[in-house]
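J.: Residue numbers (my numbering), protein chains in the order written: chain A, 31 to 331; chain P, 31 to 331.
For every residue, glycine included, the Cβ atom is placed at its ideal position computed from N, Cα and C.
Take this structure, written in structure tokens, and hold onto it; I'll ask about it next.
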DNA sequence: GCTTCATGATGAATCCTCTTCATCCTCTGA
DNA sequence: TCAGAGGATGAAGAGGATTCATCATGAAGC
């Protein structure tokens with residue numbers, strides 16, 4: 031393929047501003063030109079792409095599906111270049127934030143929202159650190175962490191972000207609609223949880239739901255919830271997983287929650303070392319995490 | 031700060047082409063303009079930045095330090111936007127490659143070279159997957175993997191990339207120059223290696239080097255070699271680590287290898303599932319990994 | 001050592017692109 | 001129904017990017 035044809039970058043920039051402000055006029059103000067100029071630029075971009083990137087109704091500017099793809103790419107792309115240029119023009123300690131979280135949360139929740147994070151704290155270089163073990167918040171390597179557990183964390187500033195639950199999920203293709211359908215399902219288990227708090231477990235779930243007589247010994251076993259989710263999406267069976275980790279799959283409809291019974295889980299916490307100054311960016315990030323995690327319908331898909 | 035002033039994107043694009051080709055003329059050919067136009071663009075960019083990004087001698091165009099920073103950002107940034115635009119213009123299965131590796135190798139070797147990887151396989155969306163456990167190469171989640179071990183891997187196509195050794199490193203500030211200096215050093219240990227092959231271990235090293243009488247029980251203990259390296263850089267002591275994971279720190283001079291004795295390690299392998307078609311991109315990636323890993327002096331810093 | 005060639009820098013002129021202006025369109029709210 | 005806000009559209013003009021012509025520099029060749 032190698033059709034390395036770049037889109038007109040000026041037009042991309044104009045589009046990015048429009049999408050961010052949801053307004054031609056505001057974007058024009060930012061770029062110090064007239065709204066007309068923006069309109070022409072966006073039109074040129076749309077001609078290049080062959081698709082509309084913005085739905086314009088006279089009082090509302092919205093992204094189309096294609097627009098959303100380009101907007102995220104433009105946020106990351108232009109941000110990367112702008113930050114490098116700023117670093118060159120004004121050398122000095124760049125604002126960087128190292129965020130640590132569990133591997134699952136990082137890959138299944140955080141990474142799909144990177145463009146959004148970059149939008150709310152655009153001047154910060156975000157480094158991500160994945161580890162399911164302890165992290166050293168006072169050692170200078172990691173600044174802030176999203177941890178899963180009971181909390182609070184003595185010696186650290188922590189904020190509770192959202193209460194998690196373990197829920198039963200499977201592919202909609204399986205056609206599971208009630209407890210009775212479980213008998214014909216394969217069970218997906220997640221092993222190797224050496225954590226001190228209750229983990230998603232079919233035996234516990236059955237006890238909770240008052241269900242008996244299921245053969246739980248058979249089924250698929252994974253050591254990571256990540257793979258368990260992948261297997262569930264592929265229609266391999268029913269899994270019990272943290273709801274936070276599957277919100278995107280649920281709102282995309284590639285996974286469904288057919289059963290009402292959920293197991294109580296722990297909560298996600300936002301933890302900072304005492305040493306980390308409570309900068310505006312850290313607060314912004316914390317508040318954004320809080321609201322985004324509490325919003326059930328995710329805007330990702 | 032929030033000095034969100036973007037550099038002129040057209041000029042960035044011209045610069046990126048020049049840096050990639052190491053030639054104004056070639057860049058001009060690619061962008062279908064005259065070399066003069068490129069020259070003016072680059073000059074404009076340099077005026078904006080206030081720094082030279084290219085050292086021009088009549089027969090040689092090289093990046094300055096600032097140029098290298100911008101070039102990497104531009105590769106990633108423009109690539110991101112271009113790929114999104116291509117995806118919109120020609121919808122369909124995007125070429126994506128999921129690469130799995132150990133957490134340490136990913137963060138300490140692969141991530142610093144992402145811009146380079148994007149340059150050699152520009153049309154591919156690279157997804158990275160870090161895990162120290164097993165990965166399912168035939169399950170459709172991961173396409174290729176860089177694994178550390180004895181190899182070969184039955185059932186998979188594997189290529190040996192580079193032989194690793196465990197070497198003793200510390201900060202140059204410690205002033206260690208021979209075995210005798212070890213007596214006044216703190217030792218940094220990496221625990222929790224449940225791998226079946228020999229792990230870096232001070233006791234084994236002492237045996238190998240014929241050194242006795244050191245008190246190895248004291249010192250710092252980490253569960254991840256990543257943190258061990260960080261501690262060594264911070265001057266907290268001497269560590270035994272995989273040389274591959276510290277090549278950048280060594281060539282930057284923030285770590286030194288004061289002692290000649292090394293422990294034999296295993297090798298890094300490039301592994302693909304049989305299911306993965308041997309695409310040109312996979313071959314390119316494999317060859318690039320091979321040569322880059324064998325080149326001791328890294329071009330990153 | 002001089003010439004030749006290839007590459008890039010520089011400044012003025014030109015060309016063309018992007019912006020603007022004027023006008024029209026659509027929807028909202030009074 | 002009418003005003004107002006926000007955006008679309010097409011022609012005209014300003015300003016910036018490109019080009020041309022010329023100069024500078026160093027490598028290769030005799």
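What span of residues does the alpha helix (DSSP H) with residue 84 of chain A cover, start to end?
T.: Segment 84-87 is the beta strand (DSSP E) holding residue 84 of chain A; no alpha helix (DSSP H) there.
J.: If I measure Cβ to Cβ from residue 81 of chain P and keep anything under 8 Å in the same chain, skipping five residues before and after, which residues do I get?
T.: For residue 81 of chain P, where only same-chain residues beyond five positions count, the Cβ hits under 8 Å are 94, 96.
J.: So which residues on chain P does residue 79 of chain A lean against when the C-beta distance must stay under 9 Å?
T.: 115, 118, 119, listed in chain order.
J.: Have a look at A/149, A/213, A/153 and flag the residue whose alpha-carbon is nearest the alpha-carbon of residue 105 of chain A.
T.: The candidate whose alpha carbon is nearest that of residue 105 of chain A is A/149.
J.: Assuming residue 40 of chain P and residue 47 of chain P make a contact with CB atoms under 8 Å, what is their CB distance in whole Å?
T.: About 11 Å separates the two Cβ atoms, so there is no contact after all.
J.: Just to make sure I have the definition right: I need the residues of chain A whose C-beta is within less than 7 Å of the C-beta of residue 42 of chain P. Which are they?
T.: Near residue 42 of chain P (Cβ distances below 7 Å), the residues of chain A are 111.
J.: Along chain A, in chain order, which residues have C-beta atoms closer than 7 Å to that of residue 39 of chain P?
T.: Per Cβ cutoff of 7 Å: 39, 40, 43.
J.: Among A/190, A/141, A/236, A/221, which has the Cα closest to the Cα of residue 198 of chain A?
T.: Here the closest residue by C-alpha is A/236.
J.: Residue 247 of chain A: which of A/297, A/240, A/217 sits nearest, CA to CA?
T.: For residue 247 of chain A, the nearest C-alpha among the options comes from A/217.
J.: I'd like to know whether the C-beta of residue 99 of chain A is nearer than 8 Å to at least one C-beta of chain P.
T.: Interface residue, yes.
J.: Which residues bound the beta strand (DSSP E) around residue 278 of chain A?
T.: Where residue 278 of chain A is concerned, there is no enclosing beta strand (DSSP E), although the alpha helix (DSSP H) it sits in stretches over 277-282.
J.: Terminal residues of the continuous beta strand (DSSP E) containing residue 251 of chain P?
T.: Residue 251 of chain P -> beta strand (DSSP E) spans 250-252.
J.: Assuming residue 126 of chain P and residue 172 of chain P form a contact by the criterion Cβ under 8 Å, report the distance between their Cβ atoms to the nearest whole angstrom.
T.: With 8 Å as the limit, residue 126 of chain P and residue 172 of chain P do not qualify as a contact, their Cβ atoms being about 11 Å apart.
J.: Alpha carbon to alpha carbon, what distance is there between residue 309 of chain A and residue 357 of chain A?
T.: In the structure as shown, chain A begins at 31 and stops at 331. Residue 357 of chain A is therefore absent and cannot be evaluated.
J.: One question on the structure: do residue 288 of chain P and residue 201 of chain P come within less than 8 Å of each other, judged by their Cβ atoms?
T.: Their beta carbons are not under 8 Å apart, which means residue 288 of chain P does not touch residue 201 of chain P by this criterion.
J.: Give the DSSP-derived three-state secondary structure of residue 57 of chain A in the structure shown.
T.: Residue state, collapsed to three classes: helix.
J.: With a threshold of 8 Å between beta-carbons, can residue 106 of chain P be considered close to chain A, or not?
T.: Yes, residue 106 of chain P lies at the interface with chain A (some Cβ there is under 8 Å from its Cβ).
J.: Are the beta-carbon atoms of residue 209 of chain P and residue 293 of chain P separated by less than 8 Å?
T.: Taking 8 Å as the Cβ cut-off, residue 209 of chain P and residue 293 of chain P do not qualify as a contacting pair.
J.: Between residue 269 of chain P and chain A, is the shortest Cβ-Cβ distance under 8 Å, so that the two count as touching?
T.: Output row for residue 269 of chain P: interface = no.
J.: I want to verify the contact list: residues of chain A whose CB lies under 8 Å from the CB of residue 36 of chain P, in sequence order.
T.: Here the neighbours are 43, 108, 111, 112, 115.
J.: Please list, in chain order, the chain P residues whose beta carbon lies closer than 8 Å to that of residue 413 of chain A.
T.: Missing from the structure shown is residue 413 of chain A; chain A here goes from 31 to 331 and no further.
J.: Extract the residue ranges of the beta strand (DSSP E) inside the segment 123-197 of chain P, only unbroken runs of 3 or more that lie entirely within it.
T.: Whole beta strand (DSSP E) segments, 3+ residues: 126-131, 155-160, 174-179.
J.: Measuring CB to CB, does residue 44 of chain P end up less than 8 Å from residue 102 of chain P?
T.: No. Outside cutoff.
J.: Measure the beta-carbon distance from residue 323 of chain A to residue 140 of chain A and round it to whole angstroms, keeping in mind my assumption that it falls under 8 Å.
T.: About 11 Å; that fails the 8 Å criterion.
J.: Can you tell me whether residue 265 of chain A is buried or exposed, with buried defined as 16 or more other CB within 10 angstroms of its CB?
T.: Exposed, since its Cβ has fewer than 16 Cβ neighbours within 10 Å.
J.: Please decide whether residue 239 of chain P counts as near chain A, where near means a Cβ-Cβ distance under 8 Å.
T.: Output row for residue 239 of chain P: interface = no.
J.: Using 10 angstroms around the beta-carbon of residue 182 of chain P, count the other beta-carbons present and answer buried if the total reaches 16, otherwise exposed.
T.: Looking at its Cβ environment, which holds fewer than 16 other Cβ atoms inside 10 Å, residue 182 of chain P is exposed.
J.: Nearest chain P C-beta to residue 96 of chain A closer than 8 Å, yes or no?
T.: Closer than 8 Å to some Cβ of chain P, the Cβ of residue 96 of chain A qualifies, so yes.
J.: By DSSP's criteria, residue 294 of chain P is part of a beta bridge. Which residues make up the other side?
T.: Residue 294 of chain P is bridged to P/195.
J.: Could you list which residues in chain A have their beta carbon closer than 9 Å to that of residue 356 of chain P, in chain order?
T.: Residue 356 of chain P falls outside the range modelled here, since chain P spans only 31 to 331, and no answer is possible.
J.: May I ask you to report which of helix, strand or coil DSSP gives residue 92 of chain A?
T.: Strand at residue 92 of chain A.
J.: Let me confirm a value: residue 240 of chain A is counted as buried when at least 16 other C-beta atoms fall within 10 Å, else exposed. Which label applies?
T.: Per the 10 Å Cβ criterion, exposed.
J.: Using the beta-carbon count (16 or more within 10 Å), is residue 75 of chain A buried or exposed?
T.: Flag for residue 75 of chain A reads buried.
J.: Per DSSP, which one or two residues make a beta bridge with residue 272 of chain P?
T.: In the DSSP output, where bridge partners are listed per residue, residue 272 of chain P has P/196.
J.: Excluding five sequence neighbours on each side, which residues of the same chain lie with their C-beta closer than 6 Å to the C-beta of residue 286 of chain A?
T.: For residue 286 of chain A, where only same-chain residues beyond five positions count, the Cβ hits under 6 Å are 202.
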